DNA sequence: AACAAGACCATTTTT
DNA sequence: TGGTCTTGTT
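Structural data, given as structure tokens:
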């Protein structure tokens, strides 16, 4: 068979990777080196060269987006959809296993998946029921604790006993939580992975079946795997199978949520006969940008080692801009954006990246003022919206009214006269008798345990849900009709319509959107694991967030966090707020290893840029209400001098005369040179002590060498300019 | 049940 | 600073 189409148009290294023998393979794919392409071509290669059936392949990614893209590209390359191949996210595939083998996994047939919101609600509910002090054990932390344990593959029973009461409380809560999930047939995200792993571990024949089936497993973004995902891969690959892991240790930025960079570092130790291939040729960025990225990341230890290169020229150097404050920073960015736009670039080719979401606002405000359209990435996801979750909760109740979480959510939404007191009675009865809330409501309605008005309200709620139940059983109704009915009967539309402001309108729109999403939902018949289309749809709603937002096709600037930017590329990129305490975030200073992760994050940011990169920071920044003075990030000084140059405002950027900013405030010294070879040991934001004026904060500086003057805001004496050479300042 | 005032809190995010 | 959640008032 002619397989040349699979290997043509690849560079040597890519070809090595694609056509690597059928054995354990680690592909270290640098940013912009054609990673996805290699993965897709490798799949095609395995099928053609080794005559592996798609049935014996499994490809796993982290996001639905990546999974969909891979699926589409395989199809595009091979010409037909790869029948029988498993392509999906870790969670999606684990879910699939559990649906197929729910009995072996010790689950109820109609188990439900909870998203993080449901999970937190459940924990709160539990803590109320057990009367646990939520100031000592904040629910969010409990949630975080449980998830972290699951990421490590630990059940409550595995948590080491501790003498410290806090941890003991956590462990106890974890036990309660496990029990509640068991009872309610509820699985959180971590549970999907943990349970799927246990399923295989505990069923040798099942395990053998899947090990024999999957001759080869492929993993994308391997550097982001956590312990349980890694364990799942290892057990699935077993001794006869093999694995291709694609990843980049320099882009491991999810350690804070359990990802283990060790997984990629120790890959060759844990899997036998590993063939390691490095993809270092970059097709995305200019030479200067790559040089900066390489230089920066070389400050990290313990790397597998990689150096990106390009043969497409140096390009423009990176520009560094020191904003006077965050407003000035934003204005500068927008000036450049407008210039690019006026030269004919698309706004969608430009991205503003920041470390934390809070930073976006200033930029947004400025963009609004200047009437430049923008789009924020990673906002609220469709299925996370309140109105959508409510509608889905009704649907869940229609399937199984004993779903306490769903009842709690919608029993009084829209308000129907079942207030806090009535719900309290239901909870009490349910707890004492071991009933579900639904059962408790039935009992209350029958025996009239509450005042007439409340009892009637409960009765009509029961009828409402029963009506929905029979509605979903009508086979002639499509999924869209079902949701139409549910929303109708629950009265959600008029409820949101009377909400004031635009909000209500948007919610009504979203509900309509839900109906159309439901009617467009295709339930492919090879998903036999699911007992009904509605159940499949509900699972999809939890596992697949839905497109970030069905956006208007308007050409717009892209705003996003650095994390959200991973995997994307833009001709023009702004890396903003590159200041100590912000980026690297001050939260990262305590724990070892976190700073290196911040550096990798910076590396990710730099390598997003194709043609031109601007790095900006502000000398003073108003964040969370108070003003802070941060020095330029250490990462700036870690970029090799040759590939970065400072923007001198006056000569390059025109600025409205009206803008009140005394030029004197702008440091005339080059920030770069002073950073790389500090003339003075004082920087903005330092606390200093003066023999006469006392303590103060350095808020500005001017001049260079012996002429350096600094402006200090003294605690008692106000602000003063001082010549560094004469003032006897002591840095505190 | 609706609304107002006050407390609290705030890296990063997918599933 | 501002957004969310809780508490208190009518």
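Numbering (the UniProt record's numbering), first residue to last: 1 to 732.
The beta-carbon is built from N, C-alpha and C at its ideal position, and this holds for glycine as well.
These figures come from a predicted structure and were not determined experimentally.
Beta bridge pairing from DSSP links residue 644 with 318. Here residue 292 really is in contact with residue 318; their C-beta atoms are around 6 angstroms apart, less than 8 angstroms. Just measuring C-alpha positions, the residue of 100, 84, 645 and 611 sitting nearest residue 530 is 100.
Within the model, the alpha-carbon separation for residue 519 versus residue 472 is close to 14 angstroms.
As the crow flies, the alpha-carbon of residue 129 is around 49 angstroms from that of residue 606. A straight-line Cα-Cα distance of about 32 angstroms links residue 244 and residue 611. Where residue 79 is concerned, there is no enclosing alpha helix (DSSP H), because DSSP gives it neither an H nor an E. Under the three-state reduction of DSSP, residue 282 is assigned to coil, being neither helix nor strand. When DSSP states are grouped into helix, strand and coil, residue 494 belongs to the helix group. Straight across, the Cα-Cα distance linking residue 271 with residue 442 is about 57 angstroms. DSSP lists 87 and 218 as the bridge partner or partners of residue 59. DSSP places residue 507 in the helix class (H, G or I) of the three-state scheme.
As a beta-bridge residue in DSSP terms, residue 585 pairs with 581 and 582. Residue pairing by DSSP puts residue 226 in a beta bridge opposite 259.
In the structure shown, residue 423 falls within a helical segment according to DSSP collapsed to helix, strand and coil. Counting along the chain, residue 612 sits inside the beta strand (DSSP E) bounded by residues 609 to 623. Around the beta carbon of residue 587, fewer than 16 other beta carbons lie within 10 angstroms, which makes this residue exposed. Rounded to whole angstroms, residue 521 and residue 303 show a C-alpha spacing of 45 angstroms.
DSSP links residue 730 through a beta bridge to 689.
A residue is called buried once 16 or more other Cβ atoms fall within 10 Å of its Cβ, and residue 540 is buried on that count. Along the length of the region 144 to 208, whole alpha helix (DSSP H) runs at least 4 residues long occupy 165 to 184 and 189 to 202, reported in chain order. In the DSSP assignment, residue 350 falls within the beta strand (DSSP E) that extends over 350 to 354.
Collapsing the DSSP output to three states places residue 3 in coil. Our two residues, residue 371 and residue 324, have alpha carbons roughly 23 angstroms apart in a direct line.
A straight-line Cα-Cα distance of about 8 angstroms links residue 74 and residue 41.
If you draw a straight line from the Cα of residue 351 to the Cα of residue 316, it is about 17 angstroms long.
Counting along the chain, residue 375 sits inside no alpha helix (DSSP H); it lies in the beta strand (DSSP E) bounded by residues 374 to 376. Apart from sequence neighbours up to five positions away, the residues of its chain that approach residue 497 with a beta-carbon distance below 7 angstroms are 504 and 508, ordered along the chain.
Residue 150 is positioned such that its CB atom lies closer than 9 angstroms to that of residue 190.
Our two residues, residue 568 and residue 598, have alpha carbons roughly 18 angstroms apart in a direct line. Cβ-Cβ separation between residue 252 and residue 153: approximately 20 angstroms, too far for a contact (criterion under 8 angstroms).
DSSP places residue 266 outside both helix and strand once states are collapsed to three, so it counts as coil.
Taken in chain order, the whole alpha helix (DSSP H) runs of length 4 or more contained in the region 371 to 458 are 386 to 399, 404 to 410, 420 to 433 and 437 to 447. In the three-state scheme derived from DSSP, where H, G and I count as helix and E and B as strand, residue 486 is classed as helix.
Beta-bridge partners assigned by DSSP to residue 573: 351 and 613. The bridge partners DSSP lists for residue 112 are 186.
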